[in-house]
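Here is the structure we will look at, set down as structure tokens.
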Amino acid sequence: MAASETEATNAILMSGVKFAWSGAPRFGMSIAELAVPAGQTVFLLGESGSGKSTLLSLICGINQPEEGRIEIAGQDIVPMKGAARDRFRAEQIGVIFQMFNLLPYTTALDNILLPLRFAPERRRRCPDGRGEALRLAKALGLPAALVERTQAAALSTGQQQRVAVARALIGQPQLIIADEPTSALDANAQAAFLDLLFEQVQQMGATLLLVSHDIRLAERFDRRLDILDIADVRREAT
Ligand SMILES: Nc1ncnc2c1ncn2[C@@H]1O[C@H](COP(=O)(O)OP(=O)(O)OP(=O)(O)O)[C@@H](O)[C@H]1O
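The sequence shown: position 92 = 92 (the UniProt record's numbering), numbered continuously.
Here's what the structure looks like:
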């Protein structure tokens, strides 16, 4: 299939991927094929240590497989050199990390604006970056005064989570990857948070791949994916 056709249909296409961490025991993962159609919302589950975060890191190009293809929006990221992969990720993927990865002594607003510095396409999609950051923050329940004046380190965990989501969504990347974004919230806050995330993702027509241990959240997703259904996982003593 030509890259342009793939781009139209699949947000993520992995084939023949092999990856192993060094260390003991050695954890290895093989994925014969994984296709995620553009616009799909996917709930990725699996027991602790089964390799969910590892899979996300491969899709984001943070780690490199030993072999195989990983196409994001039709482009294979495996042959890309480190800096090119970083630029590609900044442009194409909004990532919500488990620990948020905010800059602690920078305002919430500047944290939200950060991806625009490294992603010209995302910048072009929102010429008024500040206005868009405040709109997203408001939609996620963060008042403008707080966002403009407060350093990330001074925000509550739930507020930091919302800043991390606004940062992932700004400039409308077409793929959103979220690693346990609700783990620090209570049940009510989790439901409200997912409502907001889904609303924004659906407005953008983006693809969402989210990892969570909380199976109750799965029902609102288009697809539920157990990592062991797509990946052969092995642990070897070295
Ligand atoms: N940086 C690393 N260096 C070496 N091995 C690692 C590293 N990160 C993860 N691993 C190995 O990979 C395995 C899978 O870890 P991973 O974090 O991908 O699982 P997970 O399914 O996301 O777990 P959890 O649900 O607990 O977050 C771990 O058991 C560990 O042995």
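Idealized CB from N, CA, C, for every residue including glycine.
The structure displayed is predicted, hence computed values, not measured ones.
Straight-line Cα distance separating residue j from residue i
i	j	result
residue 162	residue 137	7 Å
residue 110	residue 236	44 Å
residue 39	residue 96	18 Å
residue 63	residue 57	6 Å
residue 202	residue 195	10 Å
residue 74	residue 151	38 Å
residue 67	residue 229	20 Å
residue 92	residue 26	31 Å
residue 190	residue 182	6 Å
residue 60	residue 231	17 Å
residue 98	residue 10	25 Å
residue 223	residue 42	5 Å
residue 37	residue 12	7 Å
residue 113	residue 32	37 Å
Buried versus exposed, by CB contacts within 10 Å (16 or more), residue i
i	result
residue 49	exposed
residue 18	exposed
residue 47	exposed
residue 120	exposed
residue 101	exposed
residue 103	exposed
residue 179	buried
DSSP-derived helix/strand/coil call for residue i
i	result
residue 129	helix
residue 41	strand
residue 94	strand
residue 84	helix
residue 32	strand
residue 233	strand
residue 10	strand
Quiz item: Below 8 Å, can you find three or more Cβ-Cβ pairs linking the stretch 71-87 to the stretch 210-225?
Solution: no
- Is there contact here, the stretch 72-85 with the stretch 139-147, by at least three beta-carbon pairs under 8 Å? no
Sequence ranges, alpha helix (DSSP H) only - wholly within the stretch 165-222, length at least 4 | 187-204
Does the stretch 120-131 come close enough to the stretch 164-179 that 3 or more CB-CB pairs lie under 8 Å? yes
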